[in-house]
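In the numbering used here, the protein residues as written are 440 to 622.
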């Protein structure tokens, strides 16, 4: 009569380990299946929220650019020439070094009426980010200035505005009557 074989302790441990690994794998699959959609949904919300903030900043930039153009054109109507670029500073930068006026010959009396708020704008606007290349840039030709360029950088450009503006830089949305004053 054959004798039953007794399994060694090490082979029993290996068998238990395999069973535990299979159980752990099943548990992980169940967790991913139950929480995966919720996590994916949260990631989608964060992405849409980030995209909404980018869109809002770009809309603010486009609004500011139209206000600034109105101010520049109003200045030209009153003075007969465009505002001079201030001391070679082509942009406003109030991030670290203190605010620099970037359209030197303009002051608050030159700022246009904003129909959105029903009054004159209080000060020259600055980019919502105002660092890392996200600044408003202005340059005019030599005084008395008869040409100017006003640039903004958009974070997202689904309509291709920066490429279709007629300027020389596809990374900026350029406006004015000489789109080669700024590089």
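For every residue, glycine included, the Cβ atom is placed at its ideal position computed from N, Cα and C.
Here's the rule: buried if 16 or more other CB atoms are within 10 angstroms of the residue's CB, otherwise exposed. What is residue i?
{"i": "residue 574", "result": "buried"}
{"i": "residue 488", "result": "exposed"}
{"i": "residue 615", "result": "buried"}
{"i": "residue 516", "result": "exposed"}
{"i": "residue 613", "result": "buried"}
{"i": "residue 456", "result": "exposed"}
{"i": "residue 522", "result": "buried"}
Take residue i and list the residues in its own chain whose beta-carbon comes closer than 6 Å to its own, dropping the five residues that flank it on each side.
{"i": "residue 572", "result": "592"}
{"i": "residue 566", "result": "573, 574 and 575"}
Who are residue i's beta bridge partners in DSSP?
{"i": "residue 612", "result": "591"}
{"i": "residue 578", "result": "588"}
{"i": "residue 521", "result": "584"}
Find out if the Cβ-Cβ distance for the pair residue i, residue j is shorter than 8 Å.
{"i": "residue 563", "j": "residue 586", "result": "no"}
{"i": "residue 497", "j": "residue 595", "result": "yes"}
{"i": "residue 511", "j": "residue 589", "result": "yes"}
{"i": "residue 578", "j": "residue 505", "result": "no"}
Report the residue from the options whose alpha carbon sits nearest the alpha carbon of residue i.
{"i": "residue 514", "options": "501, 603, 583 and 464", "result": "583"}
Enumerate in chain order the residues of its own chain whose CB-to-CB distance from residue i is below 8 Å, with the five nearest sequence positions on each side excluded.
{"i": "residue 617", "result": "580, 586, 587 and 588"}
{"i": "residue 622", "result": "607 and 608"}
Considering only residues of the same chain and omitting the five flanking positions on each side of residue i, which have a CB-CB separation below 7 Å?
{"i": "residue 499", "result": "567"}
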